[in-house]
Each structure stands twice: as structure tokens, then as C-alpha cells.
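Numbering (the working numbering), first residue to last: 9 to 285. Glycine included, every Cβ here is placed at the ideal spot set by N, Cα and C. Note sheet for the following structure.
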Amino acid sequence: MVTVNHQRVPRKRTYLMCSPEHFAVEYAINPWMDVTAPVDTELTVKQWDRLRETLVRLGHEVHLLTPERGLPDMVYAANGAFVVDGAVYGAQFKHEQRAAEAAAHRAFYESQGWRFIAPSETNEGEGDFAYVPEAHGGLILAGHGFRTELPAHAEAQEALGRPVVSLRLVDPRFYHLDVALAAIDDANIVYFPGAFSAASQKVLAQLFPDAVIADDADVMAFGLNLVSDGLNVVLNSEAAGLAEKLEAVGYHPVPVELSELKKGGGSVKCCIAELRH
Ligand code: ARG
Numbered sequence: 009m010v011t012v013n014h015q016r017v018p019r020k021r022t023y024l025m026c027s028p029e030h031f032a033v034e035y036a037i038n039p040w041m042d043v044t045a046p047v048d049t050e051l052t053v054k055q056w057d058r059l060r061e062t063l064v065r066l067g068h069e070v071h072l073l074t075p076e077r078g079l080p081d082m083v084y085a086a087n088g089a090f091v092v093d094g095a096v097y098g099a100q101f102k103h104e105q106r107a108a109e110a111a112a113h114r115a116f117y118e119s120q121g122w123r124f125i126a127p128s129e130t131n132e133g134e135g136d137f138a139y140v141p142e143a144h145g146g147l148i149l150a151g152h153g154f155r156t157e158l159p160a161h162a163e164a165q166e167a168l169g170r171p172v173v174s175l176r177l178v179d180p181r182f183y184h185l186d187v188a189l190a191a192i193d194d195a196n197i198v199y200f201p202g203a204f205s206a207a208s209q210k211v212l213a214q215l216f217p218d219a220v221i222a223d224d225a226d227v228m229a230f231g232l233n234l235v236s237d238g239l240n241v242v243l244n245s246e247a248a249g250l251a252e253k254l255e256a257v258g259y260h261p262v263p264v265e266l267s268e269l270k271k272g273g274g275s276v277k278c279c280i281a282e283l284r285h
């Protein structure tokens, strides 16, 4: 009998988050947003703070971006840029309502001395870009179809010097890559095949034959919108099925409640940008 020994090793991360003090659902730019559904801001802040504390407790460093009034989606800090090897590829939002967030992220990175590359193509940062450092020598996975435009993938490759694999998203409920796919360690991913075109599913199967495959219930519970340090996988508490699948292959699921932020169409990963040195 072959015994598979999954030795999962956590790696310390540096993250960027932005408090949801001004969070609201005032406009609808994805199918999850309902402007008539009430949002409990106090609860939103409480849940977000627990997420932040969880990351700190796991040994990670969390930087904070100052929230701005009039930018209710600014809590989704993952969308503001994409950082690889110390280089920052800036965002350019698709929707006018979020456009001003890009400058706030840029100011943060520039004040910290990061190398910032301004985009000229529409892209929503880590919402549509994921990095898998040990896969094929360091691979960027990129989504298009709803928010990020295809030319931004080529621009990111030139900015960051890593190969970018373009993946086409086909289901409006999964409008960003990070609601349908996530890196669970330095070499592997979890994804929901149904969010991608048939050809993109083929590409993912070729590149990641050992990927964890998520199902309908996992993706609808925002389970894929996770962050992992290689061992600990912080994910939405509603995604119990996905937590079980990850545990079965040696990861340590850390569930967090983020019911309020789901009303904006996001969860764990959307709130967290990774700063990769
Ligand atoms: N309301 C935001 C939007 O539609 C949610 C963004 C979620 N962020 C993410 N990284 N998927 O733009």
C-alpha cells in the first residue's frame, strides 16, 4: 500500500487590508449585490476584524490601508494591485464607482518604497490574478471575461516578468478569478471548473493535475475565495464541504464568518492583498 504523506509547511505572509468602516451596498456591479438588502456595518467591521486577528494569530503581518468615505467597496483590498517579486502592477477598475480606489493603493505602495508599474489596461488586481511561485518555475494565473481585460494579461507579464496563463471566466456569478480559484500552497491550487470555459478547464487540468476540485456548494459558499499560507487555509465558514476536502489532503482549515461582506460579492480573499517580496 502506498501511504501519501502530506507535509504541509506554512510560510509567513505580508498582507494588506482595509477596514469596512464605509462599507455599504449602494450600487450593484455583480450579481451578489442587492441594493435593497440591509447591511449591518457594525457587524461587518466586527467580522472583518476577526479575520484580521486570525491572520495575525497565524503569524502573518497585516498592513492597513486607510478607508475612504464614498468608496464602499474599498474593503475588498485584493482588487487594488497585484504584487510579485517586489514589483507592483497597479489596478485600473472596470467600474467608475471603484475607479478612485486605485490611487489609494498606489499611494500606499509608493510611500512604502515598492516598485510600482502603472497599468494602461483594465484590470482588478488580485481579484483576477493569482500567483503560484513553485508551479512551473513561477506562474501567474489570470482571469478575464467580466472585469479584467485580456490585454492586461500581456501587460502584467511585461510588468512582472513571469508567464501569465489566461483563463476565461464564463459565469457572471464568478466574475473574478479569486471567487473560483485559489493557490493553496506554493505549487498547487483549488478551483471550480464550471466557472471556466471548456478550453480553460483543459489548460488548468494540464498545468495542475493534482489540484483540489471544488463543487457547486463550495463555490456558492464563497469557499474558493480563501487565503492559504501553505498549511492554514482561512476560508468562509459556510464552506464546510470545502474545508473537509482540504483537511483530507493535509491542510488546516480556519473558518471565519463573513456574512456581511458576502452581500458585496466577496469574502476572505477579496479583503486581503498579498505583498510578495
Ligand atoms: N463589490 C465588489 C465588486 O463587485 C466586490 C469585489 C470582490 N473582490 C474580489 N477580489 N473578488 O467589485
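Just to confirm my understanding: we take residue i, look at its own chain, exclude 5 residues before and 5 after, and list those with CB closer than 7 Å. What are they?
i	result
E295	Residue numbering for the chain in the displayed model covers 9 to 285; residue 295 lies beyond these limits and cannot be assessed.
A85	L24, M25, C26, L73, C279, I280, A281
N38	Y183, G273
Q100	A110, P127, E129, T130, N131
S275	F230, N233, N244, L266, L269
V257	H14, V220
M228	none
R114	G98, F124
D218	N196
T52	P28, F31, E268, L269
Excluding five sequence neighbours on each side, which residues of the same chain lie with their C-beta closer than 8 Å to the C-beta of residue i?
i	result
K271	V33, W40, M41, D42, A45, V47
A36	D42, V43
Alpha carbon to alpha carbon, how far is residue i from residue j?
i	j	result
G133	P28	19 Å
E142	G169	15 Å
G78	R106	9 Å
E76	Q214	43 Å
S208	K277	22 Å
R65	L158	38 Å
D220	F200	According to the sequence displayed, residue 220 carries Val and not Asp. If you take the alpha carbons of V220 and F200, they lie about 9 Å apart.
G153	V262	31 Å
L63	E104	31 Å
V83	F204	26 Å
L175	G151	5 Å
D194	G202	24 Å
G67	Q55	19 Å
H71	L250	28 Å
K20	N240	11 Å
V264	A108	29 Å
Measuring alpha carbon to alpha carbon, tell me which of the options ends up nearest residue i.
i	options	result
D223	D194, N240, L254	L254
F124	G146, L149, V83, G94	G94
E50	A160, F31, E61	F31
H260	A150, I192, N196	I192
G146	E163, V172, D81, P159	V172
E118	F154, A89, E163, I197	A89
D226	A219, V241, A248	A248
D136	D81, L185, Q55	L185
A206	Y139, Y35, V178	V178
V211	V241, V264, L149	L149
R181	R155, H144, H71	R155
N196	E166, R114, V140	V140
A138	H161, Q120, G121, V264	H161
Excluding the 5 residues preceding and the 5 following residue i in the sequence, name in chain order all residues of the same chain whose CB lies nearer than 6 Å to its CB.
i	result
V91	L283, R284
A164	Y97, V172
E69	T22
E246	A229
State the start and end residues of the unbroken alpha helix (DSSP H) segment that holds residue i.
i	result
H161	158–168
R65	49–65
Y139	No alpha helix (DSSP H) contains Y139, which is instead part of the beta strand (DSSP E) from 137–140.
R114	109–119
I need the boundaries of the beta strand (DSSP E) containing residue i, first residue and last residue.
i	result
E69	69–73
S174	172–176
V276	It is not in any beta strand (DSSP E) - V276 carries neither H nor E in the DSSP assignment.
G151	147–152
A89	89–92
A191	189–191
A95	95–98
ask   = At a cut of 8 Å, does the stretch 236–250 reach the stretch 184–203 through at least three beta carbon pairs?
value = Segments in contact, yes.
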